[in-house]
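Chains as they are written, first to last, in the numbering used here: chain A, 26 to 171; chain U, 106 to 247; chain V, 761 to 948.
One structure is given here, and the rest of the page talks about it.
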Amino acid sequence: MRHHLILRVVTKLLIGPIILFALYVQFHGDFSPGGGFQAGVIMAVAFILYGIVFGLEAVQHVFPSWLVHKLMALGVLIFAGTGVASLFLGYDFLDYGAFSPHHPSHGQHWGILAVEFGVLVTVTGVMVAIYYAFAMRRPAISDEEW
Amino acid sequence: MPDIEYILGHMNYWLFTVLMMTGLYIVVAKGNLIKKIVGLNLFQTAVFMFYISLGKVTGGTAPIFPVDMEIDPSVAYSNPLPHVLILTAIVVGIATTSLGLALIVRIREEYETIEEDEILKIETDLVHVENKILGEAMGGRA
Amino acid sequence: MLETFINLGLFVMLVATAVAITRMRRLFGVTMMASVFSLLSAMLFVTLDAVDVAFTEAAVGAGISTVLMLSTLTLTSRIEKPTTRSPLVPLVVTAITGAAIIYGTLDMPNFGDAHSPAQVGVAARYMAESPTDIDIPNVVTVVLASYRGFDTMGETAVVFTAGAGVLMLISGLRRRRRKGDDKKEETS
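Written out as structure tokens, the structure reads:
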């Protein structure tokens, strides 16, 4: 997409706000609609947009595919690790009261934050990885045929 | 004789059923694999709508309390449980849809087509050829 | 009453989009229509008080899903070939299935009934106890991450598994196989 000048300038302007919005959705999810799943998808959209407009090499320079593959698994590990941590503190699996025994609701806040972060990491990783997988293959239809 | 209230109360479910059946029709009647996936998505979304409508309370609002947590007991809230189930189901749905699309890409590479009829024809031809070879190997006539 | 009319209007548009998807043969148009369908259903979710779900559907259905469909189109083909099968059998099958489902809904409580079986039980407990237990305003987040955290962990694992499946099927991680390579592998 070398010739789409307006598209490239607008994309450059948009990517920062998109990532910021994803973080807002993530960390404001306790008070308004949103959470790890939505934030993960929006975060992935920022990278996918960059990849569509500037090409796969450019986006993989920023967000290499080995890192994406690690993040996919890391998110599930964060989620399960939170559960295991509460297990070691003598509570039930995923019982976040363990993190603050005197104020169980504070512990719940910490637990929910950690778990939602795990969801964010996995969803971002999976969506970007799927996009990379599709974009890496050689297209059967050339640009002119559209 | 069903009254108007009954019909209005159930019309939503019937409309969801219409959408669901449109999706099913696409899956059954169309031979193109991408279109089948789109049909499955329609079906899935109709099921989601049905689920969400079960949690709706008339005059209710979204299940989010005020930020200061001073809850007015007279306010009705819709049921949050279907929302949770469907929220995760949507993201899982897109992940599994992309798995289906990946399978279609592989099928296209193997068969050079994504039309079900043509794939079946190639498969039956292959089976015929195999049977012929097998029959000759066994010494009989093919 | 106004809600009923908004619902009906959205439904007319949803059904029109679905019929258009059925009849269209250009897959690019089908993809766009599927995106429109997702946006319309997100609107419907808002009128049904499910703002979190509407958010997800708008981000996923209209965003990522369209991108993936389009990248699949570039890898496969963009026109659906006309089918020779008669549409009669599928029509009969869907009519029977739809009639069975509608027959099943006849016993259901009215739409929006505050005392239906879905409203009492565990959901009522979540609404009553979450302000003191967990003290977070968004009950959907609370149920998602805390009360049903185990469930969500499973869903996250499913998303991860699906992503791993896609990578196994079509990732460029392995050397891409060409027709020449196959023969070399066989002879060596």
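Where a beta carbon is used, it is the ideal one built from N, C-alpha and C, also for glycine.
{"Asked": "Using a Cβ-Cβ cutoff of less than 8 Å, which residues in the same chain neighbour I224 of chain U once the five nearest sequence positions on both sides are dropped?", "Found": "I212, Y216 and T218"}
{"Asked": "Using only alpha-carbon positions, find the residue among V:V806, V:L768 and V:S825 that is nearest to K161 of chain U.", "Found": "V:V806"}
{"Asked": "Report the start-end ranges of each beta strand (DSSP E) in the segment 905 to 934 of chain V that is 3 residues or longer and not cut off at the edges.", "Found": "none"}
{"Asked": "Could you check whether L848 of chain V and V189 of chain U sit closer than 7 Å to each other, using their CB atoms as the reference points?", "Found": "no"}
{"Asked": "Whose Cβ in chain A lies nearer than 9 Å to the Cβ of F805 of chain V?", "Found": "What F805 of chain V touches in chain A: nothing, since even the nearest Cβ is about 11 Å away."}
{"Asked": "Using a beta-carbon distance below 7 Å, is F52 of chain A in contact with chain U?", "Found": "no"}
{"Asked": "Got a sec? Which residues, its chain only, sit under 7 Å from F72 of chain A by beta carbon, not counting five neighbours each side?", "Found": "V84, F88 and V153"}
{"Asked": "Going by C-alpha to C-alpha distance, which of A:L145, A:P164 and A:G150 sits closest to Q51 of chain A?", "Found": "A:L145"}
{"Asked": "Going by DSSP, what residue range makes up the alpha helix (DSSP H) through P42 of chain A?", "Found": "L30 to F52"}
{"Asked": "Which word fits V232 of chain U, buried or exposed, when buried means at least 16 other C-beta atoms lie within 10 angstroms of its C-beta?", "Found": "exposed"}
{"Asked": "Mapping DSSP to helix, strand and coil, what is T742 of chain V?", "Found": "With chain V running from 761 to 948 in the structure shown, residue 742 of chain V is simply not present."}
{"Asked": "In chain U, what lies closer than 7 Å to F56 of chain A by C-beta?", "Found": "V172"}
{"Asked": "How big is the Cα-Cα spacing for F112 of chain A and G106 of chain A?", "Found": "It should be noted that the sequence gives Leu, not Phe, for residue 112 of chain A. In a straight line, the C-alpha of L112 of chain A is about 9 Å away from that of G106 of chain A."}
{"Asked": "So, does the CB of I67 of chain A fall closer than 7 Å to a CB anywhere in chain U?", "Found": "no"}
{"Asked": "Is the Cβ-Cβ distance between S203 of chain U and I155 of chain A less than 7 Å?", "Found": "yes"}
{"Asked": "Report the residues of the segment 107 to 141 of chain A with a CB closer than 8 Å to any CB of chain V, ordered along the chain.", "Found": "G108, F118, L119, Y121, P129, S130, Q133, H134, G136, I137, V140 and E141"}
{"Asked": "Quick check: the Cα distance between T947 of chain V and T229 of chain U, rounded to an integer number of angstroms?", "Found": "Note that T947 of chain V has pLDDT 44, beneath the 50 cutoff, so the model's placement of it is unreliable and the number below is only indicative. Roughly 29 Å between the two C-alpha positions."}
{"Asked": "Hey, out of A:V148, A:V151, A:T149 and A:F118, whose CA is closest to G136 of chain A's CA?", "Found": "A:F118"}
{"Asked": "I need the straight-line Cα distance from G858 of chain V to T150 of chain U, nearest angstrom please.", "Found": "16 Å"}
{"Asked": "Between which two residues does the alpha helix (DSSP H) holding D812 of chain V run?", "Found": "V811 to A819"}
{"Asked": "Leaving out five residues before and five after G165 of chain U in sequence, what residues of the same chain have Cβ atoms less than 6 Å from its Cβ?", "Found": "A181, Y182 and S183"}
{"Asked": "For chain V, is any of its Cβ atoms less than 7 Å away from the one on S183 of chain U?", "Found": "yes"}
{"Asked": "Using a Cβ-Cβ cut-off of 6 Å (strictly less than) and excluding sequence neighbours within five positions of D812 of chain V, which residues of its own chain qualify?", "Found": "V900"}
{"Asked": "What is the DSSP secondary structure of R162 of chain A, reduced to helix, strand or coil?", "Found": "coil"}
{"Asked": "Whole angstroms is fine: what's the gap from A810 of chain V's alpha carbon to I227 of chain U's?", "Found": "47 Å"}
{"Asked": "What are the partner residues of I253 of chain U, as DSSP defines its beta bridges?", "Found": "Examination of residue 253 of chain U is not possible in this model, given that chain U is present from 106 through 247 alone."}
{"Asked": "Which term fits V827 of chain V, buried or exposed, when burial requires 16 or more other beta carbons within 10 angstroms of its beta carbon?", "Found": "buried"}
{"Asked": "If we ignore side chains and look at the alpha-carbon of each, how far apart do A776 of chain V and L787 of chain V end up?", "Found": "17 Å"}
{"Asked": "Of the residues V:T836, V:G923 and V:I862, which one's Cα is nearest the Cα of A165 of chain A?", "Found": "V:T836"}
{"Asked": "Is the Cβ of V143 of chain U closer than 7 Å to any Cβ of chain A?", "Found": "no"}
{"Asked": "Just grab the DSSP bridge partners of R885 of chain V for me.", "Found": "The partner list for R885 of chain V (beta bridge, DSSP) is empty, contrary to what the question assumes."}
{"Asked": "Quick one: list the residues of chain V neighbouring D222 of chain U, beta-carbon separation under 9 Å, in chain order.", "Found": "K841, T843, T844 and R845"}
{"Asked": "Name, please, each residue of chain V whose Cβ falls closer than 8 Å to the Cβ of G100 of chain A.", "Found": "T916 and F920"}
{"Asked": "Could you tell me which residues DSSP puts in a beta bridge with R211 of chain U?", "Found": "According to DSSP, which records beta bridges pairwise, R211 of chain U is partnered with nothing at all."}
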